[in-house]
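Protein chains: 6
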Amino acid sequence: MFYKPDMMDAFADYDSAKYVIFGVPFDATSSFRPGSRWAPDAMRKASVNFETYNQHFDIDFEDLLIHDIGNLEPYSSVDETLEDLYHAVRPIVKDGKIPIMMGGEHSLTYPCVKACAEEAGEEIGFVVLDAHFDLREEYGGIRNNHACVSRHVRDDITDTYVTIGVRSGPKEEWVYAKENGIKYYTADDVRETGIKQVISEVKEYLGCKKIYLSLDMDAIDPAYAPGLGTPEPFGLTDIDVREVIRALAPISIGFDVMEIAPEYDNGISALLGTKLLREFIAAHAASEK
Amino acid sequence: MFYKPDMMDAFADYDSAKYVIFGVPFDATSSFRPGSRWAPDAMRKASVNFETYNQHFDIDFEDLLIHDIGNLEPYSSVDETLEDLYHAVRPIVKDGKIPIMMGGEHSLTYPCVKACAEEAGEEIGFVVLDAHFDLREEYGGIRNNHACVSRHVRDDITDTYVTIGVRSGPKEEWVYAKENGIKYYTADDVRETGIKQVISEVKEYLGCKKIYLSLDMDAIDPAYAPGLGTPEPFGLTDIDVREVIRALAPISIGFDVMEIAPEYDNGISALLGTKLLREFIAAHAASEK
Amino acid sequence: MFYKPDMMDAFADYDSAKYVIFGVPFDATSSFRPGSRWAPDAMRKASVNFETYNQHFDIDFEDLLIHDIGNLEPYSSVDETLEDLYHAVRPIVKDGKIPIMMGGEHSLTYPCVKACAEEAGEEIGFVVLDAHFDLREEYGGIRNNHACVSRHVRDDITDTYVTIGVRSGPKEEWVYAKENGIKYYTADDVRETGIKQVISEVKEYLGCKKIYLSLDMDAIDPAYAPGLGTPEPFGLTDIDVREVIRALAPISIGFDVMEIAPEYDNGISALLGTKLLREFIAAHAASEK
Amino acid sequence: MFYKPDMMDAFADYDSAKYVIFGVPFDATSSFRPGSRWAPDAMRKASVNFETYNQHFDIDFEDLLIHDIGNLEPYSSVDETLEDLYHAVRPIVKDGKIPIMMGGEHSLTYPCVKACAEEAGEEIGFVVLDAHFDLREEYGGIRNNHACVSRHVRDDITDTYVTIGVRSGPKEEWVYAKENGIKYYTADDVRETGIKQVISEVKEYLGCKKIYLSLDMDAIDPAYAPGLGTPEPFGLTDIDVREVIRALAPISIGFDVMEIAPEYDNGISALLGTKLLREFIAAHAASEK
Amino acid sequence: MFYKPDMMDAFADYDSAKYVIFGVPFDATSSFRPGSRWAPDAMRKASVNFETYNQHFDIDFEDLLIHDIGNLEPYSSVDETLEDLYHAVRPIVKDGKIPIMMGGEHSLTYPCVKACAEEAGEEIGFVVLDAHFDLREEYGGIRNNHACVSRHVRDDITDTYVTIGVRSGPKEEWVYAKENGIKYYTADDVRETGIKQVISEVKEYLGCKKIYLSLDMDAIDPAYAPGLGTPEPFGLTDIDVREVIRALAPISIGFDVMEIAPEYDNGISALLGTKLLREFIAAHAASEK
Amino acid sequence: MFYKPDMMDAFADYDSAKYVIFGVPFDATSSFRPGSRWAPDAMRKASVNFETYNQHFDIDFEDLLIHDIGNLEPYSSVDETLEDLYHAVRPIVKDGKIPIMMGGEHSLTYPCVKACAEEAGEEIGFVVLDAHFDLREEYGGIRNNHACVSRHVRDDITDTYVTIGVRSGPKEEWVYAKENGIKYYTADDVRETGIKQVISEVKEYLGCKKIYLSLDMDAIDPAYAPGLGTPEPFGLTDIDVREVIRALAPISIGFDVMEIAPEYDNGISALLGTKLLREFIAAHAASEK
Ligand SMILES: [Mn+2]
Ligand SMILES: [Mn+2]
Ligand SMILES: [Mn+2]
Ligand SMILES: [Mn+2]
Ligand SMILES: [Mn+2]
Ligand SMILES: [Mn+2]
Ligand SMILES: [Mn+2]
Ligand SMILES: [Mn+2]
Ligand SMILES: [Mn+2]
Ligand SMILES: [Mn+2]
Ligand SMILES: [Mn+2]
Ligand SMILES: [Mn+2]
């Protein structure tokens, strides 16, 4: 009769689970508005609002094997937290499960990509939805700053990197992206080209690689997601992002929803992030039917 | 010199009024976020923000006969509240007036439809803008739950039922809708088909019937209306909903705006709901000029 | 490495636990401001703020056997929820554990008292901290309304009833209290008499009975606890209430913290309620050392 | 069955009423945080939380003749608003009723005192609870600024002026108060002397005069009333203010509760102000039994 | 090492600056929700969120000469504030700089247009983005009300006036606009015609005139900017407004962002307003490269 | 005519100033609720609410030499931020000025004490108002965590350490405090002993030493200061803390107000912290008259 405040419909135990959801309540390098530490629990709370059934994919979450393993206990220090996170995610991947992280700040993506890439044993793609490049090498005196995550993944793990929704960065990042031939689509690009064309190009670029898909929620316009650490006007629509997730979930071996700062709205960012997390699972599960 | 905190421009007394506005501050079966009890007064407060003149219809509210009869005193129990509400609305309809309800939760719509249908003396249509089917027979141990309102209207009052904006429900509801040939347009349908085409099809389906028009505000995307009981991403635009109201108000004999939960934003949901309520009156009045 | 968002320091499993904490996210009969449904999770979140050690009692929670069993899944209907709650609490008591409830509305106290009283097998006392008498027989058309809980406990379960902090009620309740010789201390009484004298009188009145102790947080002044369903000015201080809990926990066989509505402040009511819950456990554990 | 969002228990019509409540949603000269324009409706909403019965005075509001005449329509300009307010209050007083204003900013007190004083036909006293002297002759280029109200009442209407709770002002005001022999009690004075002694001295000072009693809510400590235009730490307790109202209501011919800014808390300032307004009525009514 | 809470990237001193930013924390004639007094500081705070580089124009703010001169100390009275503001802006314009105001309410635009027009020495155009006509001659007893600003600019300073986004006004304003041949585009016009066509028509209408560009943020839909004094549904998109600013900044000799009321959201309106202010500077600077 | 959003009444330039105020918007090691980074600007905003005159000390801030030097640009890393802060404060002290810091988290106190102690050239005392001991050697993997500040000051800088208001800590801290003969007063001690007696004992303990006075705002009860990082019930009153500041300011050579998290209330914590900061200056200045 009693239930735990887990993500809704995460009825499976760890061993039988295909999808393993976890939260990392960590935001120590936040540059503007901290508070993404509250996102994992806010997303679990938001999940109560949603039905188990996804009509688009004709998928019922009651038929899926989802486990919510809880939150990682973070350190105050980002380096130790990332280290710990790596060691926590590595076995999940090794066990053949899809890790789904609820951030927390974007820096946490790095160890998850690393764990997935190692398990894959071949180059994977890294697809990021983000308003920012996150291509700095260091920021605020910290290498593992949230503003550097894509740089380090690209430098250390994989070249096959695409970012969608980008619209903010110092000149150096734009130059770096150009000079290094990085594949990116600004939010304006998406408005002009259409998300379907963008997705088609991204898929072609990725070839047959598996990917890690990372959603920094600030990719989305603040009208849809105002409760964020670094909200950036003129963003993607909620539908654009849903399309990307629907298209790329089937080739994803890891996923995350990052940077929601629930203190800065009355729940709609956590609701949207949770809905998109569930869309990821549905899209992935449908592709395996 | 003194004025009462009524809906703005509700200058008529009851007897002379054509449009009778009332609130029902009741939300006892709310499944996610309660608080629609505060909506009627929030909408009256919001109405202060708007001009008396509607330029689209060249209608000035100062020329209309609108009465704000106040709020219904609710019970804690939904059944007794609905019973009372029926007895409160029936005479309004009998007096040849258009009842306009500010919810409160969606369950309150049932007695209003019933009162209108009885007065009509012939089958009326029931058009609902909603993210949810509300087609359950019972929910949480309560038959008159907000999640069941369309089912009971359809079972008890009229088959001529259309719902627009739907995008959430357990599998059973989708199956039920299909099996019973229910006419529905998802929010995705509207995005693809265009609201004008949808309206045209709805009008054809309704034939020459009069209708009761019910706006569950969660039909609208949370970007426009975040302050709701059960916000559901990927919804209709504000403009879509305005188009439906403009098109259907002339054939409506009752209207309501439901499920606004004002504690969950800083006023914009109540502002939009109130604006749409006023658009209903203007559209209806313009059709009778 | 992962942890669940349980009440902090609830490290024991059910079988070994002495104290069993649970939440009941139910507020359907709320008469003024709903939202106590969010209190259990808000209290778990608040618990992160506190140290494991209680210096007053020299008790470390790490040495205690506490289990957080999760939340009860409520119905929309109060009667069915109370029925279910009774069946959920009865085995906890039967297993020799102390049930500690996080409300939810005050009506939920009834089945907990009942379960405790049945197990005790002899008359227990019922001590309530509350701004309100809750002595109505029925309210808003519902017998099991939060405004009636003390009446039903007194009528059905035990005469040995004291209430502290009361300062609001219809004339009938004051008359009823007088005529039935009910032992009550208003908040003004406490201010004049001093809480230590009040506690001493209460203890004498209770004799050697075991009690169920219920804390409706509105007993406390809104300065200390503004996030409540029915805040009532001129209340008890936080220290007064702590004194009562310290004094009566040792003779308590059940306890609850009710009526926190976390949407109506920024966390301090949940923090105070959680602190008092922990004070109860520490005081009880200290008395058994 | 329908009711208007009036102050609770204001069941009398104007003609039969003894107490006439009205709001003035005006805050145009606010120097720090505007928003007291929202207070009258917030107080009506808060009044729903309270019982009709006041146990201290054994007074039931259902037995009293109270009328809520609504809100005064304000101008943008303070001078015209005050002029209008005077003309609105004058007839209320002439009709032998007690005017009870819900501000709005403190400047609005002037025309109310004037209307009461004229009707009294003899010198009345002016007792103000306020953190501020409000003794400036002009502020921000406006004579009728909220920061000047006591000065103008004193200059134009009555010398018999006492202020309690004062703790903030430019040096000139403190000097002016000293040089003009103004009777004032700082919040520290009240803490040291005790409110009972202060009240006794005030009563002696007033002699047998009737008074106008004005409560600028910032007299009270922000712990009890954080939602204010100019909150000032180290204030009076809620109980202190209740004592003053209980003691002086019987000799009052007008009363107001001013400067609540409801956007700056979650309801507790409006709840306390409304409770104190009701305490005023109960105390006054009890004295006439 | 220390920095002042100025607008980010405003590194120039006054003498060398090309762009002079200032705030006017004044909102005394606000008709619905006051609080635009807090906007200048909220915009400075928001500016921390943005990068120095604008990729669309390839402009780095570190290369521009921007000065933040602080806030104007307002009076309580609108007339004196406007007088003062005129005398504060006139020298800025005389010194050949572009004044950029952060309101405060829209009435403040008048003295800025006047100062710019006088310096220009020839007729300038006045382009306003606004949900409202602001064409009243007087409102609430005050000539310089925010609801009158465009009327007075048109009457006193220039006939060359265009307004975009308008969708609210009393009938008299619509008639006045028609009868006086005022060039306006409603938000619906923009939706139907497309913003690029509108801009092209506006540019043709303006001929070779220099303009003052005024952005009343309520031109934008409340989904993008909910924190406003008078939010009006069915507005322009953020992208529409960005297009207008990009197109007209090069011919602007003054600019302002008005009517943000930061208490009514969690930062996104101030973020968007600040982003648009920066887009204005980038667009202007790019045109002079 | 323009002014900068500095702390009110900070009219002096750096060279002539006696009191130098600065903010450090840093909160990266926050263990519960981050957000003290917003406190310095919130305190500047709050300062607008207060008069220049302090009647208790007959001190007018217009007669004092106060400079607001702005905010320190923090790193993401605590170690580098503390290093930088030390180098920023050292010259202020060297110039014979009193540094007054607005935190930011409590860890920032360490470099300020160090800078002051070095300048003093003899042992200074360290008096802390805090709910927590902050005596850990390390926390969350970070030595310079806010929870360790007093330990490091005591270990590295001075043994003459007193803490008032303490009521929370792991058992190890209480034991450590006992074993090391640390002088502390719990909030309960203060309630029982009276703040005047406590102050007298503290002064005796300090002897003739100069001190650094640090106010972690969580020393104060959450009723007075709810907007904090780690609010702890059962705290000191606002008056208690004012008494300590009044008594110890005259012997202080540095002061700070730390840990306000303004997102967690509607301004009253920043108002109280700012008021206490101003009380410090007034008390210090009065002692030098
Ligand atoms: Mn990112
Ligand atoms: Mn980002
Ligand atoms: Mn519905
Ligand atoms: Mn719905
Ligand atoms: Mn109760
Ligand atoms: Mn109660
Ligand atoms: Mn005043
Ligand atoms: Mn005052
Ligand atoms: Mn305007
Ligand atoms: Mn406007
Ligand atoms: Mn500390
Ligand atoms: Mn602390």
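Each protein sequence line maps, in turn, to chains H, S, Y, D, X and B.
Just so it is clear: in the first sequence, position 235 is 235 by the working numbering, and no numbers are missing.
Just so it is clear: in the second sequence, position 166 is 166 by the working numbering, and no numbers are missing.
Just so it is clear: in the third sequence, position 161 is 161 by the working numbering, and no numbers are missing.
Just so it is clear: in the fourth sequence, position 74 is 74 by the working numbering, and no numbers are missing.
Just so it is clear: in the fifth sequence, position 82 is 82 by the working numbering, and no numbers are missing.
Just so it is clear: in the sixth sequence, position 120 is 120 by the working numbering, and no numbers are missing.
For glycine and all other residues, C-beta sits at the position ideal for the given N, C-alpha and C.
Values in this document were obtained by computation on a predicted structure and should not be read as measured data.
* Asked: So, does the CB of residue 265 of chain Y fall closer than 9 Å to a CB anywhere in chain H?
  -> Reading the third sequence from its first residue, position 265 is the one you call residue 265 of chain Y. No, because no Cβ of chain H sits closer than 9 Å to the Cβ of residue 265 of chain Y.
* **Closest Cα partner of residue 111 of chain X within the set X:149, X:200, X:134, X:131** => On the fifth sequence, position 111 is the one that residue 111 of chain X refers to. Closest by C-alpha distance to residue 111 of chain X, out of X:149, X:200, X:134, X:131, is X:149.
* Can you give me the Cβ contacts of residue 158 of chain S inside the same chain, cut-off strictly under 8 Å, excluding the 5 residues immediately before and after it? => Translated into the one-based positions of the second sequence, residue 158 of chain S becomes position 158. So the list reads 113, 117, 123, 124, 125, 126, once near-sequence residues are dropped.
* Own chain, CB closer than 8 Å to residue 145 of chain X, minus 5 neighbours either side, in chain order -> Numbered from 1 along the fifth sequence, position 145 holds the residue referred to as residue 145 of chain X. So the qualifying residues of the chain are 29, 31, 78, 107, 136, 138, 139.
* Asked: Which residue or residues does DSSP assign as beta-bridge partners of residue 212 of chain Y?
  -> Against the third sequence, residue 212 of chain Y aligns to sequence position 212. Y:126, Y:254.
* To do: Rank X:132, X:219, X:250, X:268 by C-alpha distance to the C-alpha of residue 206 of chain X and give the top, closest one.
  => On the fifth sequence, position 206 is the one that residue 206 of chain X refers to. The residue among X:132, X:219, X:250, X:268 with its C-alpha nearest the C-alpha of residue 206 of chain X is X:250.
* ligand 7 heavy atom lying under 8 Å from the CB of residue 241 of chain D -> Residue numbering aside, residue 241 of chain D sits at position 241 when the fourth sequence is read from its first letter. No, ligand 7 has no heavy atom inside 8 Å of this Cβ.
* Residues that residue 81 of chain X contacts on chain H, provided the C-beta gap is smaller than 8 Å -> By 1-based counting over the fifth sequence, the position of residue 81 of chain X is 81. Near residue 81 of chain X there are no residues of chain H at all, since even the closest Cβ is about 30 Å away, more than 8 Å.
* To do: Would you give the residue range spanned by the beta strand (DSSP E) that residue 99 of chain X belongs to?
  => Locating residue 99 of chain X in the fifth sequence gives position 99, where the first residue counts as 1. Taken as a continuous stretch (DSSP letters only), the beta strand (DSSP E) holding residue 99 of chain X covers 98 to 102.
* chain D contacts made by the region 225 to 236 of chain X, where a contact means CB separation under 7 Å -> Residues of the region 225 to 236 of chain X with a C-beta less than 7 Å from any C-beta of chain D: none at all.
* To do: Check whether the Cβ of residue 258 of chain X sits closer than 8 Å to any heavy atom of ligand 9, and report yes or no.
  => Working through the fifth sequence from its first residue, we reach residue 258 of chain X at position 258. Yes, Cβ of residue 258 of chain X sits closer than 8 Å to a heavy atom of ligand 9.
* Asked: Can a CB atom of chain B be found closer than 9 Å to the CB of residue 28 of chain H?
  -> The count along the first sequence starts at 1 and reaches residue 28 of chain H at position 28. Closer than 9 Å to some Cβ of chain B, the Cβ of residue 28 of chain H qualifies, so yes.
* Between the region 239 to 252 of chain D and chain Y, which residues of the former have CB atoms less than 7 Å from a CB of the latter, in chain order? -> 239, 242
* Asked: Looking at the structure shown, is residue 86 of chain H part of a helix, part of a strand, or coil, going by DSSP?
  -> Position 86 of the first sequence, counted from the start, is the residue given in the question as residue 86 of chain H. Of the three classes helix, strand and coil, the one that applies to residue 86 of chain H here is helix, per DSSP.
* Quick one: using the 10 Å Cβ neighbour count with 16 as the cut-off for buried, is residue 180 of chain X buried or exposed? => The residue given as residue 180 of chain X occupies position 180 in the fifth sequence. Exposed.
* When the cut-off is 9 Å and only beta carbons count, does residue 174 of chain Y lie next to chain D? -> Position 174 of the third sequence holds residue 174 of chain Y. Chain D has a Cβ within less than 9 Å of the Cβ of residue 174 of chain Y.
* Asked: Any heavy atom of ligand 10 closer than 8 Å to the Cβ of residue 230 of chain X?
  -> As a position in the fifth sequence, residue 230 of chain X is number 230, starting the count at 1. For ligand 10, at least one heavy atom lies less than 8 Å from the Cβ of residue 230 of chain X.
* Which of the three DSSP states, helix, strand or coil, is assigned to residue 168 of chain B? -> Along the sixth sequence, read from residue 1 onward, the residue named residue 168 of chain B stands at position 168. Residue 168 of chain B falls in the strand class under three-state DSSP.
* Quick one: does the C-beta of residue 27 of chain Y sit closer than 8 Å to a heavy atom of ligand 6? -> For the purposes of this step, residue 27 of chain Y is identified with residue 27 of the third sequence, where counting begins at 1. Ligand 6 never approaches residue 27 of chain Y closely enough for any of its heavy atoms to be under 8 Å from the residue's Cβ.
* Asked: What separation, rounded to the nearest whole angstrom, lies between the Cα atoms of residue 221 of chain B and residue 163 of chain B?
  -> Taking the sixth sequence and counting its residues from 1, the one referred to as residue 221 of chain B is at position 221. Taking the sixth sequence and counting its residues from 1, the one referred to as residue 163 of chain B is at position 163. Cα to Cα, the separation comes out at about 16 Å.
* Asked: Do we get a CB-CB distance below 9 Å when we pair residue 270 of chain H with the residues of chain X?
  -> Residue numbering aside, residue 270 of chain H sits at position 270 when the first sequence is read from its first letter. For residue 270 of chain H, no CB of chain X lies under 9 Å from its own CB, so it is not counted at the interface with that chain.
* Asked: So, helix, strand or coil for residue 78 of chain D, using DSSP?
  -> Position 78 of the fourth sequence, counted from the first residue, corresponds to residue 78 of chain D. Correct three-state label for residue 78 of chain D: helix.
* Asked: So which residues of chain D does residue 86 of chain X contact, with C-beta pairs closer than 8 Å?
  -> On the fifth sequence, residue 86 of chain X is found 86 positions in, with the first residue counted as 1. The premise fails here: residue 86 of chain X is roughly 15 Å from chain D at the closest Cβ pair, so nothing lies under 8 Å.
* Verify whether the separation of the beta carbon atoms of residue 229 of chain H and residue 240 of chain H is less than 9 Å. => Indexing the first sequence from 1 puts residue 229 of chain H at position 229. Indexing the first sequence from 1 puts residue 240 of chain H at position 240. No, the pair does not count as a contact, with Cβ atoms beyond the cut-off.
* Give me the Cα-Cα distance between residue 13 of chain Y and residue 67 of chain Y, rounded to the nearest whole angstrom. => Numbered from 1 along the third sequence, position 13 holds the residue referred to as residue 13 of chain Y. Numbered from 1 along the third sequence, position 67 holds the residue referred to as residue 67 of chain Y. Here the alpha carbon of residue 13 of chain Y sits roughly 6 Å from the alpha carbon of residue 67 of chain Y.
* Asked: For ligand 6, is there a heavy atom less than 8 Å away from the beta-carbon of residue 15 of chain S?
  -> As a position in the second sequence, residue 15 of chain S is number 15, starting the count at 1. No, the Cβ of residue 15 of chain S stays beyond 8 Å of every heavy atom of ligand 6.
* **7 Å CB neighbourhood of residue 296 of chain Y in its chain, flanking five on each side removed** => Coverage of chain Y is limited to positions 1 through 289, which leaves residue 296 of chain Y absent and any answer about it impossible.
* **From S:72, S:214, S:173, S:58, residue whose alpha carbon lies closest to that of residue 22 of chain S** => Locating residue 22 of chain S in the second sequence gives position 22, counting from the first residue. The shortest Cα separation from residue 22 of chain S among S:72, S:214, S:173, S:58 belongs to S:72.
* Through-space distance from residue 38 of chain B to residue 1 of chain H, alpha-carbon basis -> Translated into the one-based positions of the first sequence, residue 1 of chain H becomes position 1. Translated into the one-based positions of the sixth sequence, residue 38 of chain B becomes position 38. Going from the Cα of residue 1 of chain H to the Cα of residue 38 of chain B covers about 43 Å.
* To the nearest angstrom, how far is it from the Cα of residue 214 of chain X to the Cα of residue 102 of chain X? -> Taking the first residue of the fifth sequence as 1, we reach residue 214 of chain X at position 214. Taking the first residue of the fifth sequence as 1, we reach residue 102 of chain X at position 102. So the alpha carbons of these two residues sit roughly 10 Å apart.
* **Option nearest residue 76 of chain S by Cα separation, candidates S:160, S:25, S:211, S:243** => For the purposes of this step, residue 76 of chain S is taken as the residue at position 76 of the second sequence. Of the listed residues, the one whose Cα sits closest to residue 76 of chain S is S:25.
* To do: Compute every distance between the C-beta of residue 300 of chain H and the non-hydrogen atoms of ligand 1, then say whether any falls below 8 Å.
  => Any property of residue 300 of chain H remains undetermined from this structure, which presents chain H solely from 1 to 289.
* Asked: Heavy atom of ligand 6 less than 8 Å from the Cβ of residue 221 of chain Y, yes or no?
  -> Position 221 of the third sequence, counted from the start, is the residue given in the question as residue 221 of chain Y. It does not: the Cβ of residue 221 of chain Y is nowhere closer than 8 Å to a heavy atom of ligand 6.
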